[in-house]
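Chemist: First the structure, which I've put down as structure tokens, then a few questions once you've had a look.
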Amino acid sequence: MNNFSLTHGDTLPPDPGPDPRTWAGLDLGSRTVKLVLVRGGRVIHQEVRCHAHDPLATCRELLDGRHPDGLLATGYGRRLAQAQWGCPALTEIKAVAAGARHLRPACRTILDIGGQDTKAVALDGAGRTQGFEMNDKCAAGTGRFLEVMAMALGMTLDQFSGAALASPEAAPVNDMCTVFAESEVVSLAARGTPREALARGLHASVVRRAAALARRVGIQPDLLLCGGGGHNPCLRALLEEALGIPVWVPDQPQTVAALGAALMAAAGPGWTEETP
Amino acid sequence: MTLFDESYRSDIEIEVFRQVNARKAEGAKVFGVYCAFTPRELLAAAGGIPVALCAGSEQPMAEAERHLPRNLCPLIKSSYGHALADSCPYFHCADALVADATCDGKKKMFELLARIRPLHLLHLPQTAAGPAALDYWLAELKGVARFLEEAGGRPLTRTALGEQIERYNAFREHKRRIFELNQGPVPLVTGREIDVITAPTLFDFDLEARIAELDQARDRLLERARDPQFRAGMAARPRILLTGCPITNRKVLDLLEEAGAVVAVMENCGGMKTLGDPVATGGDPLRALAATYLAIPCPCMSPNRRRLELLESLVRSYRIDAVVELTWDACHTYNVEAWQVREHVQGACGRPYLQIHTDYSPSDCEQLRTRIGAFLEMLDPVPPAPCERRIP
């Protein structure tokens, strides 16, 4: 997962709000920490950084010199930030819903394929969370699964996704457990199955799982794909094929929950799920 | 704010253990039980001391997996592991066991358990509907009476059984009154406190003393109704109905209440599923006992429409905001029935529903915190106020 930093990202419509304060949304995920700063309804900075098993240290680096006026934490490690700075914390389900709705007001279904979790969230017409589903406790069918499989095939994530997208055929990979699937892939490769076909088969198995989660909450357009999985063009293409509707991916798919957190921090108790 | 915690439970339990051991020394028999279908009244009427056996700890799993498959319900593995390792003090105390074949996993596990203690297996009908089911069940209960006599119990008499039915009716009635403290506009007792108060000891010993303790606890809890601070705190918490598999392991109950909800009522075994209608008195006591126990709305029965009706009435009478269903791994009956429960809760009851599928391991607690947190956030759309100071 590559680190990236983007300042003055202009993906949001300008809001001439008079609020001169800066609000931070911090998303402490299983693999990366994401920071989004908003001022006057605009994103003024966003950054994703791998945390190498010390998410709080990474948060401090990300916040260094930024001095936000308020902070809201979300993600797997939200309570770490809450304990450190006394800030409020919300689950990534609510945060990703707020972020997705801001980026795509017509969004009714969210698929968030993250490092250790895959989540499907259903929103009603007013943007309220109606239901959600998460994968089971193992990392089967998540971003981590794809990372491990790319390594098993000796590819970077980009090569892995590109090869899968270009492959005319998909080798059926049955096991979703990261450990078992790796040995299945190794034995298929030993029997001469092309790497490209294996790559496509692995993507297809993740998509089967993600599509099943989405069907469980009920799929309604628009569907937004986010999390690190949003960077993967093959996942997007196969999801569109499986679900039969367009899959919309924001420019920065990894920071959607952090954006939602920052927007809720800015609005405080006056925040509503209604799209402004 | 917590008045009743583990120390309340252990104080009572230590004293009861002392008394039970004294009675055992005088020749009394202790009969161990597992599921809710075994009528404790029968065991007590035979002069025995009924005791519920441990099935809630993850610790004895490894021992159990020497003989049992890994992908089996944790409750079954925990029960068997405790017996193999002799790590459950109640099992250690038990002279004989009366088990009920509520599911396939238990039924087969009990065959192994019978190597460790004399065990009588009650075979349940597959359905509770119709007179044939009741006749079958009645014959099964007569079989228990014979087993208890062979295991050192007294011969069963109509009078002794009638007396025990009245004692247990009173016991269940006083337990139910603790739950009913949560029917008002503000709940007066947390789910964790209900758990401790209504089942402080696993022995059914000196029920009269237990009833007195229940009443004392109730009086103390009622004082909370006059405490404005307590009422304000409780009023802000969403009221959850917890249903599903037995809460043998308290992980999910703890996570729900730590996340800010109050488990206002449990429908699970030991909760309202088994505290419902009293056993009828006046007629044939064994037939009345059979009828009441057979009506327990357990998913091992098909159909199990009564469970949906019970849930609906609890949602209304306890002013429930949302329903959470706990299912243990590999518990097929509850897992499969969960879809009908979800449909009924979201449809007829008009309440949000969350199914939590897990085992006894603490390894998924963080994921469950997120899932429960997101569910509670759905109930309360107003986000918390951001901290208004500069960071860091």
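Protein sequences appear in the order of chains L and R.
Residue 177 in my numbering sits at position 177 of the first sequence, with consecutive numbering throughout.
Residue 1135 in my numbering sits at position 135 of the second sequence, with consecutive numbering throughout.
Beta carbons are placed, not taken as given, at the ideal position from N, Cα and C, and that holds for glycine.
#1: As an exercise, report each continuous beta strand (DSSP E) stretch of at least 3 residues that is fully enclosed by the segment 1029-1076 of chain R, in chain order.
#2: If you draw a straight line from the alpha carbon of residue 1022 of chain R to that of residue 1033 of chain R, how long is it in whole angstroms?
#3: According to DSSP, simplified to helix, strand and coil, what is residue 1204 of chain R?
#4: Identify each residue in the segment 1363-1377 of chain R for which the Cβ-Cβ distance to at least one residue of chain L is less than 7 angstroms, and report them in chain order.
#5: Could you give the C-beta distance for residue 1004 of chain R and residue 1265 of chain R, rounded to a whole number, given that I count them as a contact under 8 angstroms?
#6: Is residue 35 of chain L close to chain R, meaning its C-beta is less than 7 angstroms from at least one C-beta of that chain?
#7: Give a yes or no on whether the minimum CB-CB distance between residue 134 of chain L and chain R is below 7 angstroms.
#8: Just by C-beta distance, which residues in the segment 105-131 of chain L are closer than 7 angstroms to chain R?
#9: If we cut at 7 angstroms on Cβ distances, does residue 93 of chain L have a partner in chain R?
#10: Please report the residue range of the beta strand (DSSP E) in which residue 112 of chain L lies.
#11: What are the partner residues of residue 122 of chain L, as DSSP defines its beta bridges?
#12: For residue 1152 of chain R and residue 1142 of chain R, what's the separation of their Cα atoms in angstroms?
#13: Using a beta-carbon distance below 7 angstroms, is residue 172 of chain L in contact with chain R?
#14: Could you check the C-alpha separation between residue 1278 of chain R and residue 1104 of chain R for me, to the nearest Å?
#15: Identify every run of the alpha helix (DSSP H) within the segment 1127-1189 of chain R, keeping only runs that are complete inside it and at least 4 residues long; order them along the chain.
#16: Are there 16 or more other CB atoms within 10 angstroms of the CB of residue 1339 of chain R, so buried, or fewer, so exposed?
#17: Taking only runs that begin and end inside the segment 180-239 of chain L, name each unbroken alpha helix (DSSP H) of 4 or more residues, in chain order.
#18: Less than 8 angstroms between the CB atoms is what I'm expecting for residue 258 of chain L and residue 25 of chain L, so what's the real figure, rounded?
#19: Which class does residue 1026 of chain R belong to by DSSP, given the choice of helix, strand or coil?
#20: If you drop the 5 nearest sequence neighbours on each side, which residues of the same chain put their C-beta closer than 8 angstroms to that of residue 84 of chain L?
#21: What separation, rounded to the nearest whole angstrom, lies between the Cα atoms of residue 1112 of chain R and residue 1244 of chain R?
#22: Pop quiz: residue 1257 of chain R and residue 1191 of chain R are said to be a contact at Cβ under 8 angstroms. What is the actual Cβ separation, rounded to whole angstroms?
#23: What first and last residue would you give for the beta strand (DSSP E) that runs through residue 1098 of chain R?
#24: Using 10 angstroms around the beta-carbon of residue 1106 of chain R, count the other beta-carbons present and answer buried if the total reaches 16, otherwise exposed.
#25: Do you know offhand how far residue 1018 of chain R's Cα is from residue 1252 of chain R's?
#26: With respect to the beta strand (DSSP E) encompassing residue 1264 of chain R, which residues constitute its N-terminal and C-terminal limits?
#27: Give the secondary structure of residue 1002 of chain R by DSSP, where H, G and I count as helix, E and B as strand, and everything else as coil.
#28: Answer yes if the segment 1196-1216 of chain R comes into contact with the segment 1174-1182 of chain R, meaning at least three C-beta pairs across the two stretches below 8 angstroms, and no otherwise.
#29: Confirm, please, whether the CB-CB distance from residue 1364 of chain R to residue 1395 of chain R is below 7 angstroms.
#30: Below 8 angstroms, how does it come out for the segment 161-176 of chain L and the segment 192-201 of chain L: are there three or more Cβ pairs, yes or no?
#31: Threshold first: 4 residues or longer. Then list the alpha helix (DSSP H) segments lying entirely within the segment 131-179 of chain L, N to C.
#32: On the criterion of 16 or more Cβ atoms from any shown chain inside 10 Å, does residue 106 of chain L qualify as buried, or is it exposed?
#33: Just mark residue 1302 of chain R as buried or exposed, buried being the case when its beta carbon has 16 or more other beta carbons within 10 Å.
#34: Start and end of the beta strand (DSSP E) containing residue 1113 of chain R?
#35: Which stretch, first to last residue, makes up the beta strand (DSSP E) that contains residue 1119 of chain R?
#36: Hey, residue 1360 of chain R and residue 1074 of chain R are a contact pair by Cβ (cut 8 angstroms); roughly how many whole angstroms apart?
Modeler: Judging by the given coordinates:
#1: Within the segment 1029-1076 of chain R, the complete beta strand (DSSP E) segments at least 3 residues long are 1030-1033, 1049-1052, listed from N- to C-terminus.
#2: 21 angstroms
#3: coil
#4: Listed by position, the residues of the segment 1363-1377 of chain R near chain L (Cβ gap below 7 angstroms) are 1363, 1364, 1366, 1367, 1370, 1371, 1373, 1374, 1377.
#5: Incorrect: roughly 16 angstroms between the Cβ atoms, too far for contact.
#6: Answer no: the Cβ-Cβ gap between residue 35 of chain L and chain R never drops below 7 angstroms.
#7: yes
#8: 128, 129
#9: yes
#10: 109-113
#11: L:109, L:131
#12: 16 angstroms
#13: Proximity of residue 172 of chain L to chain R, defined by a Cβ-Cβ separation below 7 angstroms, is not satisfied.
#14: 29 angstroms
#15: 1131-1150, 1158-1179
#16: It counts as exposed.
#17: 195-217
#18: 4 angstroms
#19: coil
#20: 56, 59
#21: 27 angstroms
#22: About 6 angstroms separates the CB atoms of residue 1257 of chain R and residue 1191 of chain R; that is less than 8 angstroms, so the two are in contact.
#23: 1096-1100
#24: buried
#25: 32 angstroms
#26: 1262-1266
#27: coil
#28: At 8 angstroms Cβ cutoff, the stretches touch.
#29: Given a span of 1001 to 1392 for chain R in the structure shown, any question on residue 1395 of chain R remains unanswerable.
#30: yes
#31: 143-152, 157-166
#32: Around the beta carbon of residue 106 of chain L, fewer than 16 other beta carbons sit within 10 angstroms, so the residue counts as exposed.
#33: exposed
#34: From DSSP, residue 1113 of chain R is part of no beta strand (DSSP E) but of the alpha helix (DSSP H) over 1104-1113.
#35: 1119-1122
#36: 4 angstroms
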